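Residue numbers for the sequence shown follow the UniProt record's numbering, beginning at 1 and rising by one. Idealized CB from N, CA, C, for every residue including glycine. None of the values given here were measured: they were computed from a predicted structure. Read the structure below first, then the notes.
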Amino acid sequence: MSTWSEIHTIEGQYNLAVWHSTFPVLAASTENKVEFFSADGRKSEKAVIKKDGLKSGLISWHPTKKLLASSWSNGKSTESPLFRLILLGTLVIWNDSEQTLREAIGHHSMITCVAWSPLGQRLVTGDADGEVVVWRCDIRGRLISLCQYRLKSAITHCVFRSLRNSEDSKGNESPSFFLASANGSICFADDIGHCSEVVKISSSILALLTLESNDTLIVVNDELLLNQFIFTPEGKIGQQTEFKLSTSAKFDKKVNQICWVGNGLLALSAGRNLKIWDLLTDDSFNLSIPVSCITDSGNLLMWKKRWAVTDATEKNISWEVI
């Protein structure tokens, strides 16, 4: 018996779109508002975020609750001879269950990074001036500033250690986290006032990720050089491996992405090609557009990883478009 469901087309110019990891709801932002859609594409007429005179920036869902963090900015020129542009950063939390919006004050420049802790009890935000704020978030989306840090350049990435691997998280609500800034500096920090630089990358950072299965920090710079850092029992990190992510297509860091597509499977989109590295087995795969991806023409492609047994001792891996 076939089941048919009506699919609605989402029209408009959207800058970002993020699915909730637990609930079938999509948040999509335009230049001046954030809208919400159901799994079949129906737009919520009641739920919409707008901030008069402000432009929307980053959006990020709470991992388990219908709370959306979003950043907003507004350009105002100063009276100085240089007429420097000041970007004022605003952070708001949308509670979708209550249909309420709460604003948090803590940044004086454009917010460039927003990251939730694994359980959602902490929210870390960073801005263009290098200011970092660690927030406590309750079940209704109310934020309280716990501590602040000041780095030397704009914050570009934030990633938390897993609760399973973080020794300092035992008995606490949140594990420690890593911060990356525009000058290539990576700092290790927590929510009680500790923050220190642990490594410096020679060029700007494209991706900052953690591999939970073996407690490894993954760093990819704009030269496509991948560094793996492993955690020591003393809580420090040491470099484990370094290699070049080779790709035949011209790589444009402004439009391409680096992300996980499975345990230890790192994907890099480059031009009309998708390359996958298995960091656990050192295998690599090339997928050509003829995991899941969307092209610039609006096409959605999905691949499935398959194992082919060639003999009693060997297995070959292939990827097929579904």
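In the DSSP assignment, residue 65 falls outside any beta strand (DSSP E) and carries neither an H nor an E. Taking 8 Å as the cut-off, the Cβ atoms of residue 91 and residue 108 do not count as close. Between the beta-carbon of residue 66 and that of residue 96 there is about 4 Å, and that keeps the pair under the 8 Å contact cut. Distance from the Cα of residue 22 is smallest, within the candidate group 45, 35, 68 and 42, for 68.
In the displayed model, residue 204 falls within coil according to three-state DSSP, outside both helix and strand.
Going by beta carbons, residue 115 and residue 160 fall inside the 8 Å limit.
About 4 Å separates the beta carbons of residue 73 and residue 110, which is inside the 8 Å limit, making them a contact pair. When C-beta atoms of the segment 206-226 are compared with those of the segment 237-247, three or more pairs fall below 8 Å, so the two segments count as touching.
A residue is called buried when at least 16 other Cβ atoms come within 10 angstroms of its Cβ; residue 280 does not meet this threshold and is exposed.
By alpha-carbon distance to residue 140, the top candidate from 16, 162, 102 and 19 is 102. By the criterion of a C-beta distance shorter than 6 Å, residue 31 is surrounded in its chain by 55, once the five residues flanking it on both sides are discounted. In the DSSP assignment, no residue is bridged to residue 223. 8 Å or more divides the Cβ of residue 158 from the Cβ of residue 193.
For residue 153, the closest alpha carbon among the candidates 127, 206, 38 and 93 is that of 127. For residue 195, same chain residues with a beta-carbon under 6 Å away, outside a window of 5 residues either side, are 149, 187 and 189 in chain order. Within the same chain, 220, 221, 222, 253 and 258 come within 7 Å of residue 206 by CB-CB distance, once the 5 residues on both sides are set aside. Minimum Cα-Cα distance from residue 59 among the listed residues 24, 112, 53 and 13 corresponds to 112.
The continuous beta strand (DSSP E) containing residue 241 extends over residues 237-244. Membership of residue 278 in the beta strand (DSSP E) is indicated by the continuous run 273-278. Just so you know, the alpha carbons of residue 57 and residue 26 end up roughly 16 Å apart.
The C-alpha of residue 185 is placed about 22 Å away from the C-alpha of residue 212. For residue 157, the enclosing beta strand (DSSP E) covers residues 155-160. Note on geometry: alpha-carbon atoms of residue 88 and residue 319 lie some 46 Å from one another.
Sorting 180, 277 and 145 by C-alpha distance to the C-alpha of residue 202 places 180 at the top. Nearest Cα to residue 263 within the set 143, 210, 230 and 269: 210.
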